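Note sheet for the following structure.
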Amino acid sequence: MSILTVNKLTKSFGGLTAVSNVNMEINEGELLGLIGPNGAGKTTLFNLLTGVYVPTSGIINLNTDGKAVTLNGLKPYSICKKGVARTFQNIRLFKDLTVLDNVRIAMHKNIKYGLIPSFFHLPSYKKEEARLIEKSMELLKILNLEDKKDELARNLPYGEQRHLEIARALATDPVLLLLDEPAAGMNPNETAQLTELIGWIREKFKLTILLIEHDMSLVMNICERIYVLDYGMVIANGTPDEIKINQRVIEAYLGEDLNNAGD
Amino acid sequence: MKKLIETNWIRKLISLILTFGIIQLLISLDIINSYLQTTLATICINIILAVSLNLITGFTGQFSLGHAGFMSIGAYTCALITLRVPSVLGFIIGVFAGAIMAAIVGFLVGLPTLRLRGDYLAIATLGMAEIIRIIFLNLDSITNGAAGLQDIPHFTNWPWLFVFTAGTILIISNFIKSSHGRACISIREDEIAADAMGINSTKYKVMAFTIGAFFAGIAGALYASTFNFIDPKIFSFSKSIDILVIVVLGGLGSISGSVIAAILLAIITTYLQSFANVQMIIYSLLLIIIMIFRPQGLMGSKELSLSMFSKIGEGFKPKKRRV
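In order, the protein sequence lines correspond to chains A and B. In this note's numbering, each residue carries its 1-based index in the first sequence increased by 391. In this note's numbering, each residue carries its 1-based index in the second sequence increased by 100.
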């Protein structure tokens, strides 16, 4: 069953069409890759899916628990509440807060006490805060950040900041996780670990994952299906093996074959 | 863990009782005479104003230049009520009515203006405070216009000031440590990321603004009752700036910083009163010097705590070697 259906999605900025007529179907539990040359519109597509941009035209439908919800025009926070979480290409942590606070903030949407308990720290506050800490620590343990819970996010090494972004996204309790270049800036060793981690997280949290990535070792290794974007359009979609030999994809990345160019 | 929370709570209670007791003792011994009592009231009112503005500007990151506007609403509401009901009950009703009125206006003003960012928001809030002031200036029949309200009954004394000041500090610092407070802080840190993590940033900005306005209303009510006289001039743009100076000086995002700065500035002003002609020059120079050497404010975003002292103490102990 498909969890996300994107139908003829278009976004133009003035005269520039960043995403044009994109159709996409993500099945429940799938690990999907989204690749394409720089400027192909991958991040714009993410921003459309998460409500940062409002689509010029087209429909985005999220199907959870047998119900279809249209995400068009919803604000980012309500899309997040529907179960779509994301990480950012250029890390956007709450830098001057601790690792633990970063994760706890992402759990706020499910908080079970109101304003009055928060003013007076009533028992309902204490109970809920204890639960938040416990759940946050579980997530931090999974991402090996347990020992750094009191560290400021800005003081973490780059790789761990990326891990924290994933922990924070998981804390929102998503059904669909969008990862924007999770391996950017990582060395091959770290990338291999991350690849394993992403697969493991999917099993553990029963997630559907869509990821943008330039690192082909990661994409080809774990993605079951890949969408290729170029100039805002989907030029191919299929299994990693199909994509590897797809002529249009090779052209998009390497330019056209010189022999054909003359024709 | 539970024990830790309890001892913390007891510590807080003891330090509150001590602060109250010592100052009450000094007042009854007349060491804090009636002149210094006015200074004390100013300090308390400024602490409430600064801590509440810190919630809006320091923690939620929304630059507001309209705090004096909310203060004036509290002041006028309380003054009008106590003038008609000159009793302690009238005073209590006046304070809370003033706070609630200020909170309502804060909410109504916050909804449209908090969509703006940075300098635009500052200008919008500045305009809002001016509008409130002009309204008070022109509502002759109720507010007596430019002449102001006189002979407002005096009810503020140290116990009342203490209750409201300590209450403000406790409630706002509790709020900051709650999930709702963290949602506000996340907006200051990165609004886009906060939104993406399911936090309705507009809602929490308006919430911080409303709570801040509520406590500014309390401060205004206490002001009216302490000085027995208010007119629209008191709540002009420069009053908002005075409050902002305390917040920035103490450190954006530090409640104890706001408290320390409010006390420090009141003491400096009191001592400078004997040099009336150069008072403002020295005051400004001091501010400039402090900002050059502590641009993040006296406390930065840190809070003063007892564990801080024990950390300093640890520095003197011989370090344990790990085996």
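C-beta: ideal position from N, C-alpha, C; glycine also. Fair warning: this is a prediction, and the values are worked out from it, not measured in the lab.
Could you tell me the distance, in whole angstroms, from the CA atom of residue i to the CA atom of residue j?
i: L513 (chain A); j: L547 (chain A); result: 34 Å
i: K473 (chain A); j: P565 (chain A); result: 8 Å
i: I592 (chain A); j: T563 (chain A); result: 14 Å
i: R559 (chain A); j: R495 (chain A); result: 8 Å
i: I242 (chain B); j: G505 (chain A); result: 38 Å
i: M201 (chain B); j: E525 (chain A); result: 40 Å
i: V610 (chain A); j: G424 (chain A); result: 6 Å
i: L585 (chain A); j: F264 (chain B); result: 53 Å
i: Y383 (chain B); j: I367 (chain B); result: 11 Å
i: I271 (chain B); j: I355 (chain B); result: 11 Å
i: Q124 (chain B); j: M228 (chain B); result: 39 Å
i: S527 (chain A); j: K518 (chain A); result: 14 Å
i: I450 (chain A); j: I394 (chain A); result: 14 Å
i: K540 (chain A); j: L216 (chain B); result: 34 Å
i: I148 (chain B); j: L453 (chain A); result: 47 Å
i: L255 (chain B); j: Y220 (chain B); result: Per the sequence presented here, residue 255 (chain B) reads as Phe, with Leu not at that position. Spanning the two alpha carbons is a distance of roughly 39 Å.
i: I626 (chain A); j: S273 (chain B); result: 54 Å
i: V151 (chain B); j: I341 (chain B); result: 14 Å
i: Y644 (chain A); j: I634 (chain A); result: 12 Å
i: K486 (chain A); j: Q552 (chain A); result: 10 Å
i: F511 (chain A); j: I285 (chain B); result: 19 Å
Ordered along the chain, which non-local residues of its own chain (more than five positions away) have a Cβ less than 8 Å from that of residue i?
i: R483 (chain A); result: E556
i: D632 (chain A); result: none
i: F479 (chain A); result: E556 and D571
i: S469 (chain A); result: G442
Quick check on the DSSP output: the alpha helix (DSSP H) that includes residue i runs from which residue to which?
i: T193 (chain B); result: Checking the sequence shown, residue 193 (chain B) turns out to be Ile, not Thr. Note, I193 (chain B): alpha helix (DSSP H), V188 to T213.
i: K433 (chain A); result: K433 to L440
i: V494 (chain A); result: V490 to A497
i: A283 (chain B); result: S279 to E289
i: L386 (chain B); result: Q379 to F393
i: I242 (chain B); result: D240 to T243
i: V151 (chain B); result: S134 to L153
i: I426 (chain A); result: Unbroken run through I426 (chain A) is the beta strand (DSSP E), L422 to I426; no alpha helix (DSSP H).
i: D342 (chain B); result: F337 to G350
i: H167 (chain B); result: H167 to R184
i: S401 (chain B); result: That residue, S401 (chain B), is in no alpha helix (DSSP H); it is neither H nor E in DSSP.
i: V261 (chain B); result: Contrary to the premise, residue 261 (chain B) reads as Leu rather than Val in this sequence. Element bounds for L261 (chain B): W258 to I276.
i: S67 (chain B); result: For residue 67 (chain B) there is no data in the structure shown, the boundaries of chain B being 101 and 423.
i: G357 (chain B); result: I355 to L372
Bridge partners of residue i, per DSSP?
i: S403 (chain A); result: A:T408
i: Y644 (chain A); result: Y644 (chain A) pairs with nothing; no bridge assigned.
i: D621 (chain A); result: A:M624
i: M415 (chain A); result: A:V397
i: A476 (chain A); result: A:L568
i: L249 (chain B); result: B:I330
i: G629 (chain A); result: A:I617
i: L484 (chain A); result: Beta-bridge pairing links L484 (chain A) to no other residue.
i: L543 (chain A); result: A:T489
Determine the extent of the beta strand (DSSP E) in which residue i is found, giving its start and end residues.
i: S448 (chain A); result: S448 to T455
i: T461 (chain A); result: K458 to T461
Can you give me the Cβ contacts of residue i inside the same chain, cut-off strictly under 7 Å, excluding the 5 residues immediately before and after it?
i: T445 (chain A); result: Looking at the sequence shown, residue 445 (chain A) is not Thr but Val. Correct list, in chain order: G464.
i: I173 (chain B); result: G198, M201, A202, V205, I232, G317 and G320
i: F207 (chain B); result: V306 and T310
i: F236 (chain B); result: S172, Y176, T243 and P332
Within its chain, find whatever has a CB closer than 6 Å to the CB of residue i; leave out the 5 residues flanking it on each side and keep chain order.
i: Q250 (chain B); result: F329
i: K500 (chain A); result: K472
i: A283 (chain B); result: I299 and Y304
Establish whether the CB of residue i and some CB of chain D are separated by less than 8 Å.
i: Y444 (chain A); result: Absent here is chain D; the protein component of the structure consists of chains A and B.
### Query
Can you give, in chain order, each stretch of the beta strand (DSSP E) that sits fully within the stretch 547-624 of chain A and has at least 3 residues?
Entirely contained in the stretch 547-624 of chain A, the beta strand (DSSP E) runs reaching 3 residues are, in chain order, 567-571, 599-603 and 616-621.
### Query
Mind pulling the alpha helix (DSSP H) runs of 4 or more residues that sit fully within the stretch 500-531 of chain A?
Qualifying alpha helix (DSSP H) stretches, in chain order: 506-511.
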